Amino acid sequence: MEYLAHTGGARVQTLLEHLEGTAELAEQFGAAFGSGDFARMTALAHDLGKYSSAFQRRLRGDLGRVDHSTFGAQAVRTVGGLIPAYCVAGHHGGLPDGGGTADTGDEPTLYGRLRRKGLPDCGAYQNEITLSTAKPPEIRPQGGFSAAFFIRMLFSCLVDADYLDTEAFMSAGGVRRGGYEPIAVLRERLKAHTAGFFPPRNPLNAKRCVILRTCEAAGAWGRGLYTLTVPTGGGKTLASLAFALEHAVRHGMERVTYVIPYSSIIEQTAEVFREVLGDGNVLEHHSGYEYDDSGEGATPGGWLRRTGTSPWWSPPTSSFSSPFLPASPPAAGRFTALPTV
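Now the structure itself:
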């Protein structure tokens with residue numbers, strides 16, 4: 047029997063193709079934070095529940111809901127523990143509540159689902175997929191924060207890889223991604239723009255130039271948490287960008303993300319960045335934004351911004367705080383950008 051993952055008209059994607067494609071992408075994403083093998087193992091398990099005859103009948107036209115994620119969570123727990131089980135269990139509906147060891151199989155918590163009995167037989171996966179044991183990197187004990195954040199990072203690898211592999215099949219390989227200029231090029235473009243500020247023409251501009259040069263020099267500092275306190279009118283929009291781009295280039299990072307509380311300030315900041323760096327190099331993401339990517343009003347960066355809002359691949363991104371830390375697919379895939387931010 048040929049086991050399918052997706053169908054698109056007369057075209058089909060086999061389950062083996064989807065699992066291997068998703069695993070390859072997840073491994074690439076996970077490698078950025080030392081978890082490539084662990085992410086690959088998690089991705090290989092995420093759709094094992096589709097090896098059931100019930101799910102295969104559903105793909106071929108039968109109606110009815112089939113739980114395909116619980117089996118994969120149970121399978122990956124035996125080789126990887128609870129962390130990948132969390133991710134597999136929630137790869138469609140979002141990370142589940144953990145629950146407790148007293149939960150029974152009819153409860154929707156992770157512990158409940160791991161105890162669930164009577165799942166469809168999916169043993170046929172063993173003819174195509176081997177789940178090898180992989181260990182996560184050492185997680186520092188910080189009151190549970192490190193473990194929780196690692197789960198979100200791993201979950202993002204799985205969700206992003208799953209959606210991208212599925213999208214590639216559904217669009218027959220026609221997905222357009224990337225197209226952004228390297229961040230080193232953007233740094234030089236900003237320097238060329240700010241060169242016109244010198245020599246300063248008045249005392250206020252002189253102060254702004256001092257702030258700008260100070261931020262540029264600070265970009266060479268080691269990676270860490272820093273604050274910038276500048277009065278209104280001090281030129282902190284471009285000064286902070288100068289720090290961010292210099293810092294990113296110095297430390298081999300690929301993206302800069304601005305998390306801002308008000309949509310009006312997001313719009314102002316993104317507009318300044320677009321004027322300096324180019325329309326297609328800046329992603330603006332908030333509830334009121336409209337994407338000009340089709341029809342007569344299409345803009346050169348319109349499709350880049352629409353496709354970029356799921357994984358946040360644009361070099362500079364300006365957004366609310368709420369899209370910054372998502373827990374549900376597909377937005378959870380944005381976490382894959384964090385190791386290079």
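Mind the numbering: the sequence shown is residues 47 to 387 in the numbering used here, read in order. By construction, the Cβ of each residue, glycine as well, lies at the ideal position given by its N, Cα and C atoms. Quick caveat, the model's predicted, so the values are computed rather than measured.
Per DSSP, cross-strand counterpart(s) of residue i
i, result
"Tyr171", "For Tyr171, which the question treats as bridged, DSSP gives no partner whatsoever."
Endpoints, beta strand (DSSP E) assigned at residue i
i, result
"Ala51", "50-54"
"Gln102", "Unbroken run through Gln102 is the alpha helix (DSSP H), 99-105; no beta strand (DSSP E)."
"Thr273", "Segment: none, Thr273 is in no beta strand (DSSP E) and carries neither H nor E."
"Tyr304", "302-305"
"Thr60", "57-60"
Proximity of residue i and residue j at Cβ, strictly below 8 Å
i, j, result
"Leu291", "Leu236", "yes"
"Asp93", "Gly118", "yes"
"Val318", "Leu274", "no"
"Arg57", "Thr116", "no"
"Tyr132", "Gly146", "no"
"Pro245", "Ser81", "no"
"Leu396", "His137", "For the chain, the structure presents residues 47 to 387; residue 396 sits outside this window and is missing."
"Ala91", "Phe75", "no"
"Gly281", "Arg254", "yes"
"Thr315", "Tyr304", "yes"
"Gly139", "His114", "no"
"Val295", "Ala238", "no"
"Val112", "Arg106", "no"
"Leu232", "Leu323", "yes"
"His52", "Thr212", "yes"
"Arg161", "Gly151", "yes"
Near the ligand ADP: residue i beta-carbon under 7 Å from a heavy atom
i, result
"Glu234", "Annotation note on the ligand ADP: not contained in the displayed structure, which lists no ligands."
Range of the contiguous alpha helix (DSSP H) that encloses residue i
i, result
"Thr283", "282-296"
"Val112", "No alpha helix (DSSP H) holds Val112; DSSP gives it neither H nor E."
"Lys4", "Outside the shown range of the chain, which is 47 to 387, sits residue 4, and nothing can be said about it."
"Lys253", "249-264"
"Ala214", "191-216"
"Gly158", "156-160"
"Gly82", "82-91"
"Phe319", "309-323"
"Ile434", "The shown model of the chain, from 47 to 387, leaves out residue 434, and the question about it has no answer."
"Leu128", "128-135"
Neighbourhood of residue i by C-beta, 6 Å cutoff - its chain only, sequence neighbours within 5 removed
i, result
"Ala207", "Thr68, Leu71, Ala72, Ala89"
"Val125", "Leu177, Thr179"
"Glu174", "Leu62"
"Tyr49", "Leu61, Tyr97"
"Glu66", "none"
"Ala252", "Pro246"
"Glu262", "Ala288, Glu292"
"Phe243", "Cys255"
Cut-off 8 Å between Cβ atoms - residues of its own chain near residue i, not counting five sequence neighbours on either side
i, result
"Thr240", "Leu258, Leu284, Ala288"
"Glu342", "With a pLDDT of 46 at Glu342, under the threshold of 50, the modelled position of that residue is not reliable, and the figure given next carries that caveat. Cβ neighbours of Glu342 beyond the five flanking positions: none."
"Ala193", "Ile129, Ile185"
"Val276", "Ile257, Lys282, Ala285"
Cβ shell of residue i (< 7 Å), same chain only, five flanking positions each side left out
i, result
"Gly54", "Phe215, Met216"
"Thr155", "Pro142, Asp143, Gly144, Gly145, Asp149"
"Arg320", "Val328"
"Gln102", "Tyr49, Leu50"
Chain D within 8 Å of residue i, Cβ atoms only
i, result
"Met47", "In summary, chain D is missing from the structure at hand, where a single protein chain is found."
* Asked: Is the stretch 159-169 touching the stretch 120-139 in the sense that three or more CB pairs, one from each, lie closer than 8 Å?
  -> yes
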